[in-house]
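For what it's worth, our numbering labels the leading residue of the sequence shown as 12, then goes sequentially.
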Amino acid sequence: MTTTIRCDIVSAEAEIFHGEATMVVATGELGELGIAPRHAPLITRLKPGKVVVTQANGEVLDFAIGGGILEVQPQVVTILADTAIRADDIDEAAVKAAKDEAERILAGRGEAMDIAEAQQKLAEAVVQLQALERLRKTLKH
């Protein structure tokens, strides 16, 4: 019986993660999805949110994604993310600046930018800040 499933997380820029996992949790459009070995095949859209990968050795990796597609096949779960970053790699100051800028634009005080783009940037910034907070809580334990 298979106890792990291969997990690949890729964005347009790079491969973010490739390895074996005992569980993958992602934020789908209709809620959180938990993918374990031997999961039924599935394709779904992902919202900006978290992806948590539990590796075979018990280590838990936290990622922030800006939306994308999740595909589950018998031996592999693939996440094709619009943007993706490991919680460890997030630059908190840059994310807070991007969040403030998006909020300023949405309030009508910024440069002319597409409202949908500003909302997307705000959602990505919030997701990354949440990933940092989860990482800090994990490190405290």
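We treat Cβ as the ideally placed atom computed from N, Cα and C, and that holds for glycine.
- For ASP19, the enclosing beta strand (DSSP E) covers residues 16–21.
- With distances taken between CA atoms, GLY79 lies nearest to THR94 out of THR94, VAL71, GLN66.
- Annotation: the continuous beta strand (DSSP E) that includes ASP73 extends over 71–83.
- The beta carbon of ALA136 sits closer than 7 Å to the beta carbons of VAL106, ALA109, LYS110, ALA113 from its chain, once the five residues preceding and following it are set aside; these are given in chain order.
- The beta carbon of LEU57 sits closer than 8 Å to those of ALA37, THR38, GLY39, GLU40, ILE76, GLY78, GLY79, ILE80, LEU81, ILE90, ALA92, all from its chain and outside the five residues before and after it, given in chain order.
- DSSP lists GLU43 as the bridge partner or partners of THR38.
- From the listed residues GLN139, ARG115, ILE96, the smallest Cα separation to ALA23 is found for ILE96.
- Nearest C-alpha to ALA104 among LEU143, GLY69, VAL71, THR33: LEU143.
- Comparing alpha carbon positions, the residue from ALA118, HIS50, ILE27, GLN131 closest to VAL62 is ILE27.
- In the DSSP assignment, GLN66 forms a beta bridge with ALA32.
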